[in-house]
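With positions in the sequence shown counted from 1, the corresponding number in my numbering is that position plus 8. Using N, Cα and C, we set each Cβ at its ideal position, and we do this for glycine too. These figures come from a predicted structure and were not determined experimentally. Input: a single structure, listed below in structure tokens.
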Amino acid sequence: MDRERQKAEIATQKAARGQKFLTDLLTSSFPSGFGDDYSVVDILDHASEKLYEAFPDDPELEWDLRKSIGHAYLNLGHYRQCEKEAVRVYDLIRQEYGTTHDKTLEALEQLSFVYSILGYE
Numbered sequence: 009m010d011r012e013r014q015k016a017e018i019a020t021q022k023a024a025r026g027q028k029f030l031t032d033l034l035t036s037s038f039p040s041g042f043g044d045d046y047s048v049v050d051i052l053d054h055a056s057e058k059l060y061e062a063f064p065d066d067p068e069l070e071w072d073l074r075k076s077i078g079h080a081y082l083n084l085g086h087y088r089q090c091e092k093e094a095v096r097v098y099d100l101i102r103q104e105y106g107t108t109h110d111k112t113l114e115a116l117e118q119l120s121f122v123y124s125i126l127g128y129e
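As structure tokens, then:
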């Protein structure tokens, strides 16, 4: 029972860290150069860059957030940015689990989907 409770506590902490990252991102001032008007893509670009340093000790949280950012790019038709996120997610998962794990294969499938949209064969 303690093991399940520990897993639940870790999941709660990860969710809180992810929520704090997004809250900080959405409530912070953007760097100069953005002006008063910025788009959803500007926010996604900013989040993507911040993620490189935000969770060095938690690659799983980084890839979860990057998957969400990648899906947002995909839905907005920004396929090159989606590709960048899909590559990073695949690399993080592969480093964590190796090349034959189900999570790695799922990430590779997503990356392949993006490549097909971009016209790669």
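#1: Does His-86 come out as helix, strand or coil in the three-state DSSP assignment?
#2: Among the residues of its own chain, which have a CB less than 6 angstroms from the CB of Lys-22, if the five just before and after it don't count?
#3: Could you give the DSSP three-state label for Ser-47: helix, strand or coil?
#4: Considering only C-alpha positions, which residue in the set Ile-101, Leu-100 and Ser-76 is nearest to Gln-89?
#5: Please classify His-109: does DSSP put it in a helix, a strand, or coil?
#6: Between the region 44 to 57 and the region 79 to 94, can you find at least three pairs of beta-carbon atoms closer than 8 angstroms?
#7: I need the straight-line Cα distance from Glu-104 to Val-48, nearest angstrom please.
#8: Which of helix, strand or coil does DSSP assign to Gly-127?
Concretely, from the data shown:
#1: In the sequence shown, residue 86 corresponds to position 78, counting from 1. Coil, per DSSP.
#2: Indexing the sequence shown from 1 puts residue 22 at position 14. Once the five neighbours on either side are set aside, the close Cβ partners of Lys-22 are Leu-69.
#3: As a position in the sequence shown, residue 47 is number 39, starting the count at 1. Correct three-state label for Ser-47: coil.
#4: Sequence index remark: in the sequence shown, residue 89 carries index 81 (1-based). Considering only alpha carbons, the answer is Ser-76.
#5: For the purposes of this step, residue 109 is identified with residue 101 of the sequence shown, where counting begins at 1. Note: His-109 maps to coil in three-state DSSP.
#6: yes
#7: In the sequence shown, residue 104 corresponds to position 96, counting from 1. In the sequence shown, residue 48 corresponds to position 40, counting from 1. So the two alpha carbons sit approximately 30 angstroms from each other.
#8: Sequence index remark: in the sequence shown, residue 127 carries index 119 (1-based). It is coil, neither helix nor strand.
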